[in-house]
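The block underneath contains the structure these notes are about, expressed in structure tokens.
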Amino acid sequence: MRGAAAGEGWPLDDRGAAYGDGLFETVLVRDGRPRLWDEHLARLARGCHVLGLPLPAEHRLAAPLAEAPSGLAVLKLMLTRGSGGRGYRAPATPAPRLRWQLAPFTPDVARWQEGVRVRHCALRLGIQPRLAGLKHLNRLENVLARAEWDDDEVAEGLLCDSDGRLVEATAMNLFWRRAGALETPRMDRCGVAGTLREALIERLEVREVDILPEALEAAEAVWLGNSVQGVWPVTRLDDAAGRPLLRWRLSASHRAFQAEAHRLLGYPLPDLN
1 MRGAAAGEGW PLDDRGAAYG DGLFETVLVR DGRPRLWDEH LARLARGCHV LGLPLPAEHR
61 LAAPLAEAPS GLAVLKLMLT RGSGGRGYRA PATPAPRLRW QLAPFTPDVA RWQEGVRVRH
121 CALRLGIQPR LAGLKHLNRL ENVLARAEWD DDEVAEGLLC DSDGRLVEAT AMNLFWRRAG
181 ALETPRMDRC GVAGTLREAL IERLEVREVD ILPEALEAAE AVWLGNSVQG VWPVTRLDDA
241 AGRPLLRWRL SASHRAFQAE AHRLLGYPLP DLN
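Residues 1 to 273 (full-length UniProt numbering) are what the sequence shown spells out, left to right.
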């Protein structure tokens, strides 16, 4: 197992670079302490099991934290199968590479407080249950979906799978309140099961459901969230052409959901009065 900062070069034959054969985690770090660390380790372990990679020892994964600056930072861990094999055929005994990068981070407080405008994406996610929920390195679908707009007023894009079911945003998970119940899309076909999502499902009894996008018409409140940015309330949803479809007013229910999420991340509760 080899570990190094991301500044060191990758060999051209690394299977992560060549095929997306690997996993990554992005961890919020506050004064050298990682948030939702257990959830990140659990997701990485699930990914290693599916891909058939040896899981690095926790002390190797945590070693970069010794170099974390004071305040907020994001630690990106990247684990690949390493080099070797012939074409798509993996080596019988992989020699994984572990790379990492630490970068200072400042969250977008205005999006916590004012909410965000989002849109539907035209791209549809392919259904692959074996990889569902994992944060693997092959993220071309997300790259293509994010390329669908360049309007800075649009914070995120919502993605459906090839059967038309809501799944996630390009880099965040999706939540809503409907008929008084908290819900989020099921992640058994595709998509990334975020660590903040996992923690909120456990703490707030968020239901995992299969729905079509039209079901958001009945939503009383909608949010996007991940373990780095926190939770953004959604105030406007556009179609894939940029035409407005739905709007929501910020309310006390937005505050309550954000409060639980932000406690987990050490973020302050936005003032939504």
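We treat Cβ as the ideally placed atom computed from N, Cα and C, and that holds for glycine.
Original post:
Between the beta-carbon of Arg46 and the beta-carbon of Glu25, is there less than 9 angstroms?
Top reply: Result no, Cβ atoms of Arg46 and Glu25 do not sit closer than 9 angstroms.
**OP:** Would you tell me roughly how many angstroms separate the C-alpha atoms of Pro64 and Leu102, rounded to the nearest one?
**Re:** Rounded to whole angstroms, Pro64 to Leu102 spans 8 angstroms at the Cα level.
**OP:** Check whether the Cβ atoms of Arg124 and Cys160 lie closer than 9 angstroms to each other.
**Re:** A contact, by the Cβ cut-off of 9 angstroms.
Original post:
For Asp188, which residues from the same chain have a beta carbon less than 7 angstroms from its beta carbon, with the 5 sequence-adjacent residues on both sides left out?
Top reply: If we look at Asp188 and ignore the five residues flanking it on each side, its Cβ neighbours are Pro129 and Ala132.
Original post:
Roughly how many angstroms lie between the CA atoms of Ala68 and Glu214, to the nearest whole one?
Top reply: Cα to Cα, the separation comes out at about 44 angstroms.
Original post:
In angstroms, rounded to a whole number, what distance separates the CA positions of Ser227 and Asp14?
Top reply: Cα to Cα, Ser227 sits roughly 28 angstroms from Asp14.
Original post:
With C-beta atoms as the reference, is Arg236 less than 9 angstroms away from Pro244?
Top reply: Taking 9 angstroms as the Cβ cut-off, Arg236 and Pro244 qualify as a contacting pair.
Subject >> Cβ contact check for the region 258 to 265 and the region 139 to 159: 3 or more pairs under 8 angstroms >> reply: The count of Cβ pairs closer than 8 angstroms, one atom from the region 258 to 265 and one from the region 139 to 159, stays below three, leaving the stretches out of contact.
Subject >> N-terminal and C-terminal residue of the alpha helix (DSSP H) that Arg184 is part of >> reply: In the sequence as presented, Arg is not what sits at residue 184; that position holds Thr. In the DSSP assignment, Thr184 falls outside any alpha helix (DSSP H) and within the unbroken beta strand (DSSP E) covering Ala181 to Pro185.
Original post:
Nearest to Glu205 by CA position, among Ala181, Pro233 and Gly191, is which residue?
Top reply: Comparing Cα-Cα distances from Glu205 to each of Ala181, Pro233 and Gly191, the minimum goes to Ala181.
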